[in-house]
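In numbering that gives the first Met the number 0, the protein residues as written are 0 to 116. Read the structure below first, then the notes.
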Amino acid sequence: MDVLINAFVGLHIIGIAALLGGFLTQMKAMGAGTARFTPAMLHGALTMLVTGVVLVGLNQADDQHVNTFKIGVKLAVLIVVLGLVYVKRDEEKAEKPLFAAVGALTVVNIFIAVLWT
């Protein structure tokens, strides 16, 4: 079971890398007001959602303690990010504050995962 859990953790990290990487590659364009939500950002957020749900299930099936409040907070943040990216995915330009919010919430989600014990 540990190998399966570790494989999904790796996929979860790939998802967050796609989301954060898509944001970081658009930062210069954000300064110019021409940033847009890329397909990589949408797919990264979806990957995080699916792998996160699977990870919770696998950990519970393995009788490991799952902090459901922490998972709920992370899920809420991810749903906001996913909703923003999904709704604005076809627009040529994303508003600066909206685009910055997605990046900030992504970083917040990373820090929740790493620092909240």
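Yeah, the Cβ is synthetic: ideal placement off N, Cα and C, and Gly gets one too. All of these numbers come straight from a predicted model, not from anything done at the bench.
- Proximity of the segment 22–36 to the segment 84–97 meets the contact definition, three or more beta-carbon pairs being nearer than 8 Å.
- For Ala28, the enclosing alpha helix (DSSP H) starts and ends at Met26 to Ala31.
- Check the Cα spacing between Gly102 and each of Ile4, Gly43 and Asp1: the tightest is with Gly43.
- Around Asn58, the same chain offers Ile4 and Val65 as residues with beta carbons nearer than 7 Å, after the five sequence neighbours per side are excluded.
- A straight line joining the alpha-carbon of Lys95 with that of Asn108 spans about 20 Å.
- Secondary structure within the segment 63–94: the alpha helix (DSSP H) runs of 4 or more consecutive residues, fully enclosed, are 67–86 (chain order).
- Ranking Leu114, Leu10 and Trp115 by CA distance to the CA of Val49 puts Leu10 first.
- Within the same chain, Cβ atoms closer than 7 Å to the Cβ of Leu41 are found at Val84, Tyr85 and Arg88, the five residues on either side in sequence being excluded.
- DSSP, reduced to helix, strand and coil, places Met0 outside both helices and strands of the structure shown, so it counts as coil.
- In the structure shown, Phe36 adopts coil according to DSSP, grouped into three states.
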